Amino acid sequence: MYSLERSQRVEAPPRVVFAFFSDPANLATITPAWIRFRIDGEAPRPLAAGSRIEYRIRWSGLTLSWVTRITRWEPDREFEDVQEKGPYATWIHTHRFRPDGTGAVMDDRVDYALPFGFVGRIAHRLRVRRQLEEIFDFRRQAITRLFPGSSS
390 MYSLERSQRV
400 EAPPRVVFAF
410 FSDPANLATI
420 TPAWIRFRID
430 GEAPRPLAAG
440 SRIEYRIRWS
450 GLTLSWVTRI
460 TRWEPDREFE
470 DVQEKGPYAT
480 WIHTHRFRPD
490 GTGAVMDDRV
500 DYALPFGFVG
510 RIAHRLRVRR
520 QLEEIFDFRR
530 QAITRLFPGS
540 SS
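Okay, structure coming up:
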């Protein structure tokens, strides 16, 4: 199992930041174009515990289906999505939002594992980890553009 953690201060109240991140329509805006992220079908609105989201991504020339379910939902504070179907053996993404002066700190933690045993560990070392970091770096920059005054 691997983990990736990131924090970013966003110049907006926690309820605004939570609302932005919990709207599936905003996911493409904060995802690099090379992933070709798209929601497959209708995303549930509003999200809540138990909501299921289906999307497609592009990775290494392959189009992959990915399905996640919201397993924890605490409005304005935290939510968690867990992969039901997709490229990872395990994917648990926890989003937390806490007040910080006039803004909010957004904390992300992704706990993940790759399939294919030894081959998955090699893929992680050679490519997957770096790509996940690039995705979260892009997201940080996108948030800085979308919420002026946020720290990058």
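Letter by letter, the sequence shown follows residues 390 to 541 in the working numbering.
Each residue gets a CB set at the ideal place from its N, CA and C atoms; glycine is no exception.
Nothing here was measured: the structure is a model prediction, and the numbers come from that model.
Boundaries for Thr479: no alpha helix (DSSP H) harbours it, while the beta strand (DSSP E) harbouring it runs 479–489, taken from the DSSP string. Proximity of the stretch 490–509 to the stretch 398–406 meets the contact definition, three or more beta-carbon pairs being nearer than 8 Å. Residue Arg529 holds the alpha-carbon nearest to the alpha-carbon of Glu394 among Arg529, Ala437, Pro537, Ser539. Within the DSSP secondary-structure output, Val399 pairs in a beta bridge with Ala493.
The Cβ atoms of Val471 and Thr460 lie closer than 7 Å to each other.
By the Cβ criterion, the stretch 461–480 is in contact with the stretch 406–414, since at least three pairs of Cβ atoms, one from each stretch, lie closer than 8 Å. Counting along the chain, the unbroken alpha helix (DSSP H) around Val508 starts and ends at 506–512.
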